[in-house]
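Novice:
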Amino acid sequence: MVSDRLAAWGENKNLLGFLFMLPAAAFLLLFLVYPLGLGVWLSFTDAKIGRPGEFVGLENYIWIIGDYKFQTAVFFTLFYTVFASIAKFAIGLYLALLLNQNLPLKAMIRALVLIPFIVPTVLSAIAFWWIFDPQFSIISWSLRNLGWIDGNIDFLGDAWNARWSVIFANVWRGVPFIAISLLAGLQTVPPSLYEAATLDGATRWQMFVRITYPLLTPIIAVVMTFSVLFTFTDFQLIKVLTNGGPAGATELMATMSYNTAILGGRIGEGAAISTAMVPFLLAAIMVSWFGLQRRKWQQGED
């Protein structure tokens with residue numbers, strides 16, 4: 001009878017799928033759900049390094065909402081995410097369309113495009129730190145020799161120069177991920193669709209709007225969701241390149257949480273800052289899920 005029951009369980013696909021998912025669910029529960037829950041709990045306490053702390057309710061959230069440094073961090077985090085994500089998508093899509101053509105040495109070019117993504121983030125940040133150095137910047141040296149500027153540009157010492165500099169560094173590092181992902185999506189588009197459109201007299205732009213972009217929509221949804229999440233939670237690049245300076249101009253919510261909790265010793269306040277990131281991340285995921293993923297055009301709707 002036991003063998004019959006085991007055989008029945010083996011034929012139950014839902015139960016079998018659930019059993020196969022248990023190890024992954026346990027892994028996520030241990031390394032994702034528990035740390036997140038602990039962080040949320042700590043955000044309601046006045047815990048400090050070496051002291052567990054007591055429950056203080058919404059006191060930490062009230063403090064960070066009224067804190068000018070936190071407001072600046074929220075502003076720059078959103079600014080950084082929006083501009084870097086748009087730039088990465090535009091350049092990545094262009095590179096994907098270019099690499100999808102019959103180019104000479106196409107395989108080598110694709111491998112070279114991946115280099116910025118596979119280089120460790122810290123090494124990339126150190127390289128850009130030298131590129132943006134106020135005294136030895138290659139950019140300032142080149143522009144000075146061309147006669148376009150008289151003195152060196154203070155890339156990381158001026159607030160807005162530093163902001164655009166870190167955005168440029170993030171775009172340089174993130175473009176390959178988007179380009180290769182979209183290129184993989186382009187490889188799945190049937191060439192017969194383009195041939196039929198060519199016979200109908202469609203231009204390249206019309207083929208992109210009516211064929212390429214609609215079929216790439218699912219890939220774009222997934223890729224841009226990951227891009228937004230990675231950019232919003234960026235830490236290493238900012239920490240090494242500017243450490244949030246000058247005067248907190250390039251401070252992200254992630255770096256501010258680390259500086260407050262680990263370097264400042266105020267665990268509760270740092271946890272509140274990191275927990276405040278969750279609604280923004282959920283909003284990005286919801287936009288992808290309810291917006292791009294619906295694809296009403298597939299059902300014949302406008």
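Our numbering applies: residue 1 is where the sequence shown begins, and numbers increase by one. No residue lacks a Cβ here, since even glycine has one placed at the ideal position from N, Cα and C.
(1) Under 8 Å, with one C-beta from each stretch per pair, do the stretch 221–236 and the stretch 76–92 reach the 3-pair mark?
(2) Among W129, I62, G50, F31, which has the Cα closest to the Cα of S43?
(3) Given this structure, state the Cα-to-Cα distance separating E54 from T45, to the nearest angstrom.
(4) Buried or exposed: which applies to I115, given that a residue is buried once 16 or more other Cβ atoms fall within 10 Å of its Cβ?
(5) Have a look at S181 and A87 and give me their C-alpha separation to the nearest angstrom.
(6) Find out if the Cβ-Cβ distance for the pair P246, G157 is shorter than 8 Å.
(7) Can you list, in chain order, the stretches of the alpha helix (DSSP H) that have 4 or more residues and sit fully within the stretch 252–284?
(8) With distance defined between alpha-carbon atoms, name the residue in I211, T72, K48 nearest to S192.
(9) Sorted by chain position, which residues of the same chain lie with C-beta nearer than 6 Å to A125's C-beta, five sequence neighbours on each side aside?
(10) Taking the C-alpha atoms as reference points, what is the distance between N152 and G39?
(11) How far does the alpha helix (DSSP H) with W130 in it extend, from its first residue to its last?
(12) To which residues of the same chain is A84 closer than 6 Å at the C-beta, ignoring the five residues directly before and after it?
(13) Check each candidate in S165, A96, F155 and name the one with the smallest Cα separation from F303.
(14) Is A276 closer than 8 Å to I64 when the C-beta atoms are compared?
Specialist: Working from what's here:
(1) In short, these stretches touch, since the Cβ pair count reaches three.
(2) I62
(3) Their backbone Cα atoms lie some 5 Å apart in a straight line.
(4) exposed
(5) In this structure, the straight-line span from the alpha carbon of S181 to that of A87 is close to 16 Å.
(6) yes
(7) 253–258, 267–275
(8) Among I211, T72, K48, the Cα nearest to that of S192 belongs to I211.
(9) L237, V240, L241
(10) 44 Å
(11) 121–131
(12) I167, N170, V171, T231
(13) Residue 303 falls outside the range modelled here, since the chain spans only 1 to 302, and no answer is possible.
(14) Yes; because the gap between Cβ atoms is below 8 Å, this pair is in contact.
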